[in-house]
Amino acid sequence: MLYSTQRMGIRFCLDERGYQIDSKIDKDLTGLCRVCGQKIVRDEPFQLFQHTEQQCDHLVLSEVSERIANLIEERKNFSIPIDYRCTNSIGVEVLHCFVLVDNQTRPLIQLTTTDNQTIYLSITLEDSEVSNQQISELRRRFESVLELDLSNLTVPSTNFTSYLRELVLDGQFFKRCSWLSFNPLYTLTRNIASLERASIELQRQRALETLEAVNTQIKHSSSDLERYEREKQIAIQNLERYHDTQRRYDLNKNIDALKNEERELLNRVSSLKQQRRDLIGGTVADRLNEQINDLRKSYKLGQEHIKQQTKEKEQLKNEISLLRSQIESNQTDISNANWLKKILTRFGCNFGDLESELSQIVALSDSLSQIQNQANIAQNHLSELNSEIERKKEELVQNKKSVDFYQKEKFKLFRENNKLKDMLEKDDK
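The numbering of the sequence shown is our numbering, which starts it at 30 and goes up by one.
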């Protein structure tokens, strides 16, 4: 890239009388730098001049400006952009072209066209942009200023002037330029400003039309958003109803459904056991496996206890039914005995064994009381068994949740172990 600080040979300088020296034509071996006024030298007439010590600041800009000015002076014309985007150009004829060199400011190329319009050309390099103070001064004087961007150029080892002629002053020269200031009194720049104003107005109108279309789209989007919100509320209500139905369904699950879940859970535990064999064993995984096995054993014991309690419940129901039938039979016997007693009393009959019959009736009454007490005890035992069954069901639900939790932890450990194995394999590679 073309930098302002790189070392460059000096083609144009001044002699002691103030006349310009062109190192390609003149044979002088010494001269004065046009920028800083210091002495510059060369060993052979075909060489370029060099500073004896440190190179001055604006030397590269001065050399590039001088070469471009000579090329424009040689061609007598160049193209300038007619809009800010540099998409179109117009050719202008040049009457005079020279470089303004000052050791306090950046060099400028002053161009005078055939219709006596003055245009200043300021060059931008990779590390040297236009001076804002210098451009502000030109704007206050209502001067027309163009910026020429040469930041992407490189410096060849030889024939720098030919390089500029081929790559800069070609048919695309105007695309490297951009307007920094216009002189409103000049016809050319006034026409450019009018074209640019019309272009800006057209862009403004297009922007307003685009804005209106965007606003219309925003309105449509707002209506769509409101519709989406309504649909969202309906979906939320449907989801709540579904959750309520699901909760009622979960509460109404019976023992058969729990048994099916038990079988699925045992299958999943077996699958996890197989996966555990395939995984690289760790202390956390071992503890989780032990807890899963303990929970599975507890679940199995709970199921066996529920089955046993269910059998006892059925047995007690059968005993209660038998005792109730005995109570009904005894009550029938007591009713018959009372009826017989009334008949005997009414007719004054004495069968001799009536007292023993009465004793048997009293014994039957006592036996009925004992049977009733036994039935009450069996009923209490049945209630306790029902409570125990409900408690075991709750324990089974908790065990199931614990097994699900440990299964999730098992899966998380499985993924972490796979990542560790992949990292170890990458490290081994």
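We put the CB at the ideal spot given by N, CA and C, even for glycine. Since this is a predicted model, take the numbers as computed values, not measurements.
Check your understanding: So, using beta-carbon positions, are valine 426 and isoleucine 321 closer together than 8 Å?
Key -> Against a cut-off of 8 Å, the Cβ pair of isoleucine 321 and valine 426 comes out as no contact.
Review point. Taking the runs of the alpha helix (DSSP H) that are 4 residues or longer, which of them lie wholly in the stretch 41 to 116?
Key: 88 to 104, all fully within the stretch 41 to 116.
Check your understanding: Quick one, which of Ile39, Arg270, Gln232 has its alpha-carbon nearest threonine 187's?
Key -> For threonine 187, the nearest C-alpha among the options comes from Ile39.
**Study point:** Residue-chain proximity (threonine 245, chain B), Cβ-Cβ < 8 Å
**Key:** The chain inventory of the structure shown lacks chain B, comprising one protein chain alone.
Point to revise | Whole-angstrom distance between valine 64 and aspartate 131, CA atom to CA atom | key: Cα to Cα, aspartate 131 sits roughly 6 Å from valine 64.
Check your understanding: Residues in its own chain within less than 7 Å of histidine 334 by CB, not counting five upstream and five downstream?
Key -> Within the same chain, histidine 334 has close Cβ partners Lys421.
Practice item. Kindly list the residues whose CB is nearer than 8 Å to the CB of threonine 339, restricted to its own chain and excluding five residues on each side of it in sequence; keep chain order. Key: Excluding positions up to five away in sequence, the list reads Ile418.
Check your understanding: Between which two residues does the beta strand (DSSP E) containing phenylalanine 202 stretch?
Key -> First-last for phenylalanine 202: undefined, no H or E at that position.
Review point. On the three-pair Cβ rule with 8 Å, is the stretch 167 to 176 touching the stretch 189 to 198?
Key: The stretch 167 to 176 is not in contact with the stretch 189 to 198.
Exercise for review: Please name the residue or residues paired with glycine 120 in a DSSP beta bridge.
Suggested key: According to DSSP, which records beta bridges pairwise, glycine 120 is partnered with Ser108.
Point to revise | Cβ pair leucine 345, histidine 410 closer than 8 Å | key: Cβ atoms of leucine 345 and histidine 410: closer than 8 Å.
Review point. What separation, rounded to the nearest whole angstrom, lies between the Cα atoms of glutamine 399 and glycine 331?
Key: Straight-line Cα distance between these residues: approximately 35 Å.
Point to revise | Element boundaries [alpha helix (DSSP H), containing serine 151] | key: If you look at serine 151, you'll find it isn't in any alpha helix (DSSP H); it sits in the beta strand (DSSP E) that goes 147 to 153.
Point to revise | Burial state of phenylalanine 380 (16 or more Cβ within 10 Å) | key: The pLDDT assigned to phenylalanine 380 is 48, lower than 50, so where the model puts this residue is not dependable, and the model offers no usable value.
**Study point:** Element boundaries [alpha helix (DSSP H), containing leucine 167]
**Key:** First-last of the alpha helix (DSSP H) with leucine 167: 161 to 169.
Practice item. Measure the alpha-carbon distance for asparagine 365 versus glutamate 413 and round it to whole angstroms. Key: When rounded, the distance between both Cα atoms is 38 Å.
Point to revise | Reduced DSSP secondary structure (H/G/I, E/B, other) of glutamate 258 | key: Helix at glutamate 258.
Review point. Are the stretch 103 to 113 and the stretch 81 to 95 in contact at 8 Å, needing three or more beta carbon pairs?
Key: No: fewer than three Cβ pairs fall under 8 Å.
Review point. Would you call glutamine 47 buried or exposed, if buried means 16 or more other Cβ atoms sit within 10 Å of its Cβ?
Key: It is worth fixing the name first, because residue 47 is glycine in this sequence and not glutamine. It is exposed - the Cβ of glycine 47 has fewer than 16 other Cβ atoms within 10 Å.
Check your understanding: Do leucine 254 and glutamate 155 have their C-beta atoms within less than 8 Å of each other?
Key -> The answer is no: Cβ separation not under 8 Å.
Point to revise | Own chain, CB closer than 6 Å to leucine 209, minus 5 neighbours either side, in chain order | key: Taken in chain order, the residues that qualify are Ile164, Val174, Glu176.
Check your understanding: Alpha carbon to alpha carbon, how far is serine 157 from serine 33?
Key -> A direct Cα-Cα distance of roughly 6 Å separates serine 157 from serine 33.
Practice item. Taking aspartate 142 as part of the beta strand (DSSP E), name the residues at either end of that continuous run. Key: Checking the displayed sequence, the identity of residue 142 turns out to be threonine instead of aspartate. Annotation for threonine 142: the continuous beta strand (DSSP E) segment containing it runs 137 to 142.
Check your understanding: Among all the DSSP beta bridges, which residues are the ones paired with glutamate 176?
Key -> DSSP links glutamate 176 through a beta bridge to Ser151, Ser207.
Exercise for review: Find the nearest neighbour of leucine 43 within the set Asp51, Ser252, Ile247, judged by alpha-carbon distance.
Suggested key: Distances from the CA of leucine 43 to each of Asp51, Ser252, Ile247 were compared; the closest alpha carbon is that of Asp51.
Exercise for review: Since I believe valine 121 is in contact with threonine 142 (beta carbons under 8 Å), could you give me their beta-carbon distance rounded to a whole number of angstroms?
Suggested key: Taking a contact as a CB-CB distance under 8 Å, the pair threonine 142 and valine 121 counts as one, their CB atoms being some 5 Å apart.
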